[in-house]
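Report on the structure given below.
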Amino acid sequence: LFIGLSRSLSWRAISLGRKTASRPMLAGSLHDGCRRRAEWVSPICQRQRLTFRRYATTPTASKWEFAVAAAADRKHIFSSEDADIIRKILVCGDGDLSYCAEIAAELDQLGIELYATVLEEEDIHNQVYKYSRSNTGAIASSGHKPMFGVDATTLSKYFGNGDGDDDSEPILFDRIQFNFPHWRGKANNRYNRQLLNDFLQSAVTVLSPRGEIHVALCDGQGGCSATSLQEWKGSWTASMFAAEHGLLLARIFPYEAQYNLSSHRGVDRPFKLGNSPKMHVFVKPNGVIKTPRDIQLCCRHELHIVIPDDDDGTSAICSLDQILAGDAIENIIQQNCVPDGVRVEVPARKILEIHESHGSARVAVFLVVYCSERYPVTREMADEWRATAELEVSKFIPLRENRRGRTVSHPFPYPALHPEIKYHTTGKR
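139 is the number that the working numbering gives to position 150 of the sequence shown; each next residue is one higher, with no gaps.
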């Protein structure tokens, strides 16, 4: 017996409660007047200050300018006009320093400080990279700071107390960027995931309150748009690591590298980016910035309730029909169990008859999903919400005791939710 649904799909024969409209992959689109170039700051609008605006003001914008629609409303997010000015940018792991050398002069004109860092010590860097000295000179001559021997996974060591001086204030950055991080040598995903995780953990310690962390990844590496758990597990699971360090994946957009791609496995030669490299933007949640649904991170669990023979076993606040329809369950959890910024969905439900539940009553099984709309979702947090949800729902209707207390799923991307429901229903992807 399936309840008032337009489909007969189930989680292990679960029925879908709603259809999700298809959405574009990207959080924002680029204005026609801007070229899709290397995107290091969003956007450069005028000399001596860099602010966030909806569109570029001129079709003759420089090759580094771009506008992302997803960043359009930052003015109303922050009360002070000065709050969204970018003053300091940190670039990590810049190969032969060609990226920073390209943008150094324009940043100087805008009054923005650039810290260009690489892992190698200067003498080694000069030996490995043909253009090491010329790129270093271009950065320094524009008034910026090239730095050698900087490990992107321990940034607080270099900037946490003003370059190691205990009497100085820590240096905080409004933009921290790492283009195409990769473990040295031929490596599998495990090492690259560890590098990405350690970098995000490190970067958040030197990020300004309204700053952004930009990470460029090749197509599929981020995993945020994966439509199956298998695809997600084969990626670097970028948004999951970010959430564990209190960061929210705010948007993704295409990234075209217009500079010399060097440092392939630690040597001076170019590397291939594939067809569709993407820039991933991570921020500290402020309760306003909203992640597009198609890149949100989720956790799920099942909620089993015992169906009484009549309404005597339910609260007067909710009728049995409301509970079985799923809307009441969703509302109870949304209003009482999760912080603001987490969206609750109940996308699938089914009825177990007495012979299926191996008990003395019928059971309704709901698939509950927690989504990172304006607040990060981790497995640990989601499991706390699950425990609270079981407590709150049990105030209205009894739960199946032998199915309480089961840990929520590992985090997964929202685009994989409905395909996985379909797979468990039909066995087909």
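Ideal placement from N, C-alpha and C gives every residue a C-beta, glycine not left out. Here the structure is a predicted model, which is why all the values come from computation and not from measurement.
The beta carbons of residue 238 and residue 224 sit no closer together than 7 Å. In the DSSP secondary-structure assignment, residue 331 is bridged to 361. Residue 207 sits close to residue 263, with the two beta carbons spaced by under 7 Å. By the beta-carbon neighbour count (other beta carbons within 10 angstroms, threshold 16), residue 285 is buried. If you look at residue 368, you'll find it in the alpha helix (DSSP H) that goes 368 to 382.
In the three-state reduction of the DSSP assignment, residue 81 falls in the strand class. For the pair residue 368 and residue 360, the Cα-to-Cα distance works out to about 11 Å. When DSSP reads this structure, residue 239 sits in no beta bridge, so it has no partner. Under a 10 Å Cβ-count criterion, residue 191 is classified as buried, with 16 or more other Cβ atoms of the shown protein chains found around its own Cβ.
The segment 174 to 204 contains no complete beta strand (DSSP E) run of 3 or more residues.
A straight line joining the alpha-carbon of residue 128 with that of residue 204 spans about 21 Å.
Exposed is the label assigned to residue 138, since fewer than 16 other Cβ atoms lie within 10 Å of its Cβ. Around the beta carbon of residue 394, fewer than 16 other beta carbons sit within 10 angstroms, so the residue counts as exposed. Between the C-alpha atoms of residue 102 and residue 142 there is a straight-line separation of about 21 Å.
Listed in chain order, the non-local C-beta contacts of residue 349 below 8 Å within the same chain comprise 343, local neighbours out to five positions each way being set aside. In the DSSP assignment, the residues bridged to residue 135 are 105.
Residues 360, 362 of the same chain have their beta carbon placed closer than 7 Å to that of residue 332, with the five preceding and five following residues left out of the count.
Secondary structure of residue 321 (DSSP, three-state): helix. Using a 10 angstroms sphere on the CB of residue 267, the tally of other CB atoms reaches 16 or more, which defines it as buried. Residue 403 holds the alpha-carbon nearest to the alpha-carbon of residue 287 among 97, 294, 390, 403. Within the model, the alpha-carbon separation for residue 177 versus residue 186 is close to 15 Å.
Pairing residue 79 with residue 104 gives a Cβ-Cβ distance under 7 Å. CA-to-CA, the gap between residue 171 and residue 184 works out to about 7 Å. Contact annotation: residue 88 and residue 248 have beta-carbon atoms nearer than 7 Å. Counting along the chain, residue 146 sits inside the alpha helix (DSSP H) bounded by residues 145 to 148.
Note: residue 340 is bridge-paired with 353 in the DSSP secondary-structure output.
Spanning the alpha carbons of residue 270 and residue 355 requires a straight line of approximately 33 Å. In the structure shown, the three-state DSSP call for residue 313 is helix.
Here residue 216 is near residue 405, since their CB atoms are less than 7 Å apart. Comparing alpha carbon positions, the residue from 201, 384, 391, 86 closest to residue 278 is 201. In the structure shown, residue 402 falls within a strand segment according to DSSP collapsed to helix, strand and coil. Between residue 389 and residue 294 the beta-carbon gap is near 7 Å, inside 8 Å, which marks them as a contact.
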